[in-house]
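Residue numbers (this note's numbering): 281 to 969. Just so it is clear, CB atoms sit at the ideal spot from N, CA and C, and this is done for glycine as well. Computed from a prediction, not measured in an experiment: that's the story for all the values here.
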Amino acid sequence: MNPVVELRRDGEIAVLAVNSPPVNALSAQVREGIVEGIRQAGADASVKAVVLHCEGRTFFAGADISEFGKPPKQPMLPEVVDFIEASSKPVIAALHGTALGGGLETALACHYRVAVPSAKCGFPEVKLGLLPGAGGTQRLPRLVGPERAMEMVTSGSPISAKAAKEMGIVDELVDESDLLASAIAFARKVVAENRPLKKVRDLDDKIAAARGKPEIFDAFRKANARKFRGFQAPEYNVRCIEAAVNQPFDEGIRLERQLFQELVSGEQSAAQRHVFFAERQVWKIPDISDDTPTLPVKKVGVIGAGTMGGGISMNFANAGLPVTIVEAKPEALERGLGVIRRNYESTAKKGRMSMEDVERRMGLLTGSLKLEDLADCDLIIEAVFENMAIKKEIFSKLDAIAKPGAILASNTSYLNVNEIAAMTKRPEYVLGMHFFSPANIMRLLEVVRGEKTDKRVVATAMQLGRQIGKIAVLVGVCHGFVGNRMLEPRQREANRLILEGAMPWDVDRVLYEFGFPMGPFAMADLAGLDIGWSRETSKGETAREILCEQDRRGQKTGAGFYDYDENRNAKPSKLVEQIILDLSAKKGITRREISDQEILERCVYTMINEGAKILEEGIAIRSSDIDIVWINGYGWPVYRGGPMFYGEQVGLGKVLDRLRAYEAKFGADFKPAALLERLVAEGKGFRDL
């Protein structure tokens with residue numbers, strides 16, 4: 281046989297054993313071994329059945345993604361799957377760990393499937409902008425029906441072995457302690473009872489009822505329209521399931537293959553695969569090795585029980601860590617703890633946790649009005665108002681209270697972490713941990729490394745990020761770090777565009793159609809236009825200031841850039857249109873027609889340019905880290921891969937040309953980053969850095 285696949289015998293049962301760590305991915309070598317093993321077993325008259333079994337911690341966890349984009353190696357998975365199904369002897373798949381993607385397709389081609397109760401199976405391809413391309417979309421509905429099949433392939437979420445048994449994917453659940461012995465026993469039963477070769481491709485009863493009923497598929501599309509917006513892969517998956525119902529098996533397979541090829545060679549899948557690898561890369565820090573010791577964090581302190589402080593506290597309570605929350609006033613503390621409880625109870629009402637879970641997590645939270653109660657905490661996170669003087673005062677006091685070796689972190693969004701650290705005698709234990717709102721939901725955590733932050737402290741913050749379910753990105757110190765620094769030029773251009781000729785709803789529409797959940801003006805209305813605004817200092821020089829002066833503060837007052845009805849549905853405002861026209865005239869700006877392309881370029885290319893400056897200055901380690909920040913913190917569409925990846929897809933030369941054209945027209949704000957100019961001159965991309 282070959283080095284990763286071995287054919288063994290247990291009496292009349294052949295065992296095709298695969299051992300290709302770490303996850304038995306279906307590499308070319310594994311595929312070759314399976315075909316050869318099935319061929320040998322088929323040719324041996326003394327073999328009555330074959331058990332396909334994987335060593336190690338899992339059944340096939342999927343295709344070998346490293347082969348994507350490279351010349352194909354024979355045999356391809358569709359051929360392997362067909363070869364298994366065509367076997368003259370029953371093939372039984374023995375599932376443990378995860379049978380995902382191509383792994384589940386391989387299992388579906390077998391004539392029977394047994395699984396241990398802890399196994400999971402699913403089709404995660406949609407998360408890579410793909411569909412199961414080796415018969416998965418054609419076999420699955422024949423076992424579970426089209427509705428469940430559509431749910432599985434478009435969500436990408438795995439299901440338990442118990443659910444798989446109930447749905448008909450798995451024939452029998454077997455003993456967790458010895459899967460192989462149980463699978464062999466099942467195979468003997470199949471032989472003894474002379475059971476037929478059950479080919480999934482020939483099954484019809486689960487799909488017959490849906491034949492000629494397009495309304496089933498239309499209803500599914502409609503129910504998921506918001507979730508699928510902008511993505512190609514979910515729709516292509518649905519089309520394949522529809523073909524499984526309405527067309528002969530071989531025709532359905534042909535469509536599946538055609539649509540798979542379209543997706544795998546398309547921009548969306550390239551972007552989603554980029555994100556898949558970028559999310560793994562983000563944890564690797566060049567100067568901090570994997571064996572860098574971390575500091576024990578068994579108790580956390582949070583200063584501030586407002587929206588951010590409360591959300592941050594929930595993250596740690598969710599991970600089982602006790603948290604002391606300090607507030608200045610008793611009513612603020614009471615309000616904050618009340619909001620946390622209501623959040624948990626709301627989750628419980630939706631069935632996502634039990635009331636016992638609510639009480640357990642609330643039991644981990646202790647409120648206090650004294651900073652001194654943080655003396656025994658291993659990590660203290662300051663989450664107060666974004667004001668340098670206040671933060672400096674808190675850190676100066678914390679330095680005297682916190683125990684030696686405690687990590688002191690600021691949840692600042694913009695401010696200089698080195699200045700904050702300088703207020704202490706332990707700058708090596710100070711860093712930024714910038715959570716995103718709502719902090720208990722948003723995945724992103726920017727870990728801000730100060731110039732004196734100890735490597736162990738950085739490693740601990742990154743590890744904690746993982747522990748509380750965040751994706752942590754290490755960034756350096758500058759105004760706004762990575763995310764907010766890149767947001768600034770986008771906001772600047774959005775505000776200029778409405779004075780030059782566009783309207784807020786034009787800018788919002790272009791960015792929404794690009795894939796953002798909402799545009800900058802709709803987002804401002806949602807957040808509240810009066811954040812950081814005060815009547816005393818307002819000069820009425822921007823549309824936002826004028827709106828606030830007129831008590832149009834956003835959704836909360838029923839009016840902002842948009843007018844809102846009682847259900848908070850937005851519609852363009854004639855009043856706002858007039859305010860903007862008057863403001864343009866007052867500033868001596870001659871308004872003009874502005875194209876959607878110009879809106880997109882000025883809002884997005886300036887971000888790419890800022891990202892290049894961030895790389896140039898070493899504020900981010902990799903361009904893919906910047907992409908992860910924007911996807912997980914700011915709603916950048918996953919299928920566009922992040923701003924830096926998108927810049928490369930457009931072509932850095934084109935981005936540079938447009939920036940130069942805008943610089944000539946509008947001035948220095950569009951001056952291209954030196955790094956961008958150098959990469960274009962050298963014919964390189966961000967990924968070459």
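### Query
If we ignore side chains and look at the alpha-carbon of each, how far apart do V371 and I521 end up?
As a working note, residue 371 is residue 91 in the sequence shown. As a working note, residue 521 is residue 241 in the sequence shown. So the two alpha carbons sit approximately 25 Å from each other.
### Query
What distance in whole Å lies between the Cβ atoms of L649 and P610, which are believed to be in contact at a cut-off of 8 Å?
To locate residue 610, count along the sequence shown from 1; it is residue 330. To locate residue 649, count along the sequence shown from 1; it is residue 369. Their Cβ separation, rounded to whole angstroms, is 6 Å, which keeps P610 and L649 in contact under 8 Å.
### Message
I'd like to confirm the pairing. Which residues does DSSP put opposite Y709 in its beta bridges?
### Response
Reading the sequence shown from its first residue, position 429 is the one you call residue 709. None; Y709 has no bridge partner.
### Query
What are the residues that DSSP puts in a beta bridge with K851?
Here residue 851 is taken as the residue at index 571 of the sequence shown, counted from 1. K851 is bridged to D843.
### Residue span of the beta strand (DSSP E) that contains C401, given as start and end
Here residue 401 refers to the residue found at position 121 when the sequence shown is read from its first residue. Start and end: K400 to G402.
### Query
Looking at the structure shown, is A1017 part of a helix, part of a strand, or coil, going by DSSP?
No answer is possible for residue 1017: the residues shown for the chain start at 281 and end at 969.
#### Entry: Host beta strand (DSSP E) of D876 (start-end)
Here the question's residue 876 lines up with position 596 in the sequence shown. Note, D876: premise wrong, no beta strand (DSSP E); alpha helix (DSSP H) at D876 to E896.
### Task
Check each candidate in V884, E780 and V930 and name the one with the smallest Cα separation from L1024.
Here the chain covers residues 281 to 969 and nothing more, so residue 1024 does not appear.
### Query
If you count every other CB in all the chains shown that lies within 10 Å of the CB of T740, and 16 or more means buried, which is it?
Counting from one through the sequence shown, the residue named residue 740 turns up at place 460. Answer is buried; the Cβ neighbour count reaches 16.
### Task
State the CB to CB distance for the pair C390 and L332, rounded to an integer number of angstroms; the pair is presumed to be in contact (CB under 8 Å).
For the purposes of this step, residue 390 is taken as the residue at position 110 of the sequence shown. For the purposes of this step, residue 332 is taken as the residue at position 52 of the sequence shown. That pair is a contact at about 6 Å.
#### Entry: Span of the beta strand (DSSP E) around D290
Along the sequence shown, read from residue 1 onward, the residue named residue 290 stands at position 10. Segment V285 to D290, the beta strand (DSSP E) holding D290.
#### Entry: Nearest candidate by alpha-carbon position, reference N775, set L863, E731 and A503
The residue you call residue 775 lines up with position 495 of the sequence shown. Checked all of L863, E731 and A503; the closest Cα to N775 is L863.
#### Entry: Closest by C-alpha distance to Q743, when choosing among A944, V330, S717 and M713
For this step, residue 743 is matched to residue 463 along the sequence shown. Residue M713 is the option with its Cα nearest to Q743.
### Query
Are the CB atoms of V555 and V303 nearer to each other than 8 Å?
Within the sequence shown, numbered from 1, the residue matching residue 555 stands at position 275. Within the sequence shown, numbered from 1, the residue matching residue 303 stands at position 23. No.
#### Entry: G730 beta carbon less than 8 Å from that of N698
Translated into positions along the sequence shown, residue 698 becomes position 418. Translated into positions along the sequence shown, residue 730 becomes position 450. For N698 and G730, yes; Cβs fall inside 8 Å.
### Residue interval of the beta strand (DSSP E) (run including S648)
Reading the sequence shown from its first residue, position 368 is the one you call residue 648. L645 to S648 is the extent of the beta strand (DSSP E) around S648.
### Task
Along the beta strand (DSSP E) that carries R491, what are the first and last residues, could you check?
Counted from its first residue, the sequence shown places residue 491 at position 211. That residue, R491, is in no beta strand (DSSP E); it is neither H nor E in DSSP.
### Query
Around the Cβ of N595, are there at least 16 other Cβ atoms within 10 angstroms (buried) or fewer (exposed)?
Within the sequence shown, the letter at position 315 stands for residue 595. N595 is buried by the Cβ-count criterion.
#### Entry: Of the listed residues F675, G349 and K369, nearest to G317 (C-alpha basis)
Working through the sequence shown from its first residue, we reach residue 317 at position 37. Checked all of F675, G349 and K369; the closest Cα to G317 is K369.
### Task
Decide if P769 is buried, meaning its Cβ has at least 16 other Cβ atoms within 10 Å, or exposed.
Residue 769 sits at position 489 when you count from the first residue of the sequence shown. Classification of P769: buried, given that the 10 Å Cβ count is 16 or more.
### Task
Pull up the DSSP beta-bridge partners for F715, would you.
Walking along the sequence shown from the start, residue 715 turns up at place 435. DSSP lists L725 as partners of F715.
### Message
Using CA atoms only, rank isn't needed, just tell me which of F925, Q835, E531 and E846 is closest to I908.
### Response
Counted from its first residue, the sequence shown places residue 908 at position 628. The residue with the shortest Cα to Cα distance from I908 is F925.
#### Entry: Identity of the residue in A701, D653, R632 and S545 nearest K732 by Cα
Locating residue 732 in the sequence shown gives position 452, where the first residue counts as 1. When only C-alpha atoms are compared, the closest one is A701.
#### Entry: Where the beta strand (DSSP E) through H554 begins and ends
One-based indexing of the sequence shown puts residue 554 at position 274. It is not in any beta strand (DSSP E) - H554 instead sits in the alpha helix (DSSP H) that spans E547 to Q561.
### Message
Quick test of the definition: if touching needs 3 or more C-beta pairs under 8 Å, does the region 429–436 touch the region 547–565?
### Response
no
### Query
On the three-pair Cβ rule with 8 Å, is the region 625–644 touching the region 671–682?
no
### Query
If we ignore side chains and look at the alpha-carbon of each, how far apart do G760 and S693 end up?
Position 480 of the sequence shown, counting from 1, holds the residue named residue 760. Position 413 of the sequence shown, counting from 1, holds the residue named residue 693. Spanning the two alpha carbons is a distance of roughly 6 Å.
### Query
Using a Cβ-Cβ cut-off of 7 Å (strictly less than) and excluding sequence neighbours within five positions of N889, which residues of its own chain qualify?
Numbered from its first residue, the sequence shown carries residue 889 at position 609. For N889, where only same-chain residues beyond five positions count, the Cβ hits under 7 Å are L939, P952, A953 and L956.
### Task
Give the DSSP-derived three-state secondary structure of I568 in the structure shown.
Your numbering for residue 568 matches position 288 in the sequence shown. I568: strand per DSSP, three-state reduction.
### Query
DSSP on E335, reduced to helix/strand/coil?
In the sequence shown, the residue the question calls residue 335 occupies position 55. Coil, per DSSP.
### Message
Would you call the region 715–725 in contact with the region 538–553, where contact means no fewer than 3 C-beta pairs closer than 8 Å?
### Response
no
### Task
Could you tell me which residues DSSP pairs with G922 in its beta bridges?
Residue numbering aside, residue 922 sits at position 642 when the sequence shown is read from its first letter. None, per the DSSP bridge assignment.
### Message
Could you tell me which whole alpha helix (DSSP H) segments of length 4 or greater appear in the region 771–840?
### Response
784–794, 800–807 and 823–829
### Range of the contiguous alpha helix (DSSP H) that encloses A308
Here residue 308 is taken as the residue at index 28 of the sequence shown, counted from 1. A308 to A323 is the span of the alpha helix (DSSP H), which, as asked, contains A308.
### CB contact flag (V606, L654, <8 Å)
Residue mapping note: residue 606 aligns to position 326 of the sequence shown, counting from 1. Residue mapping note: residue 654 aligns to position 374 of the sequence shown, counting from 1. Yes. Within cutoff.
### Query
How big is the Cα-Cα spacing for G972 and L357?
No answer is possible for residue 972: it lies beyond the span of the chain, which begins at 281 and ends at 969.
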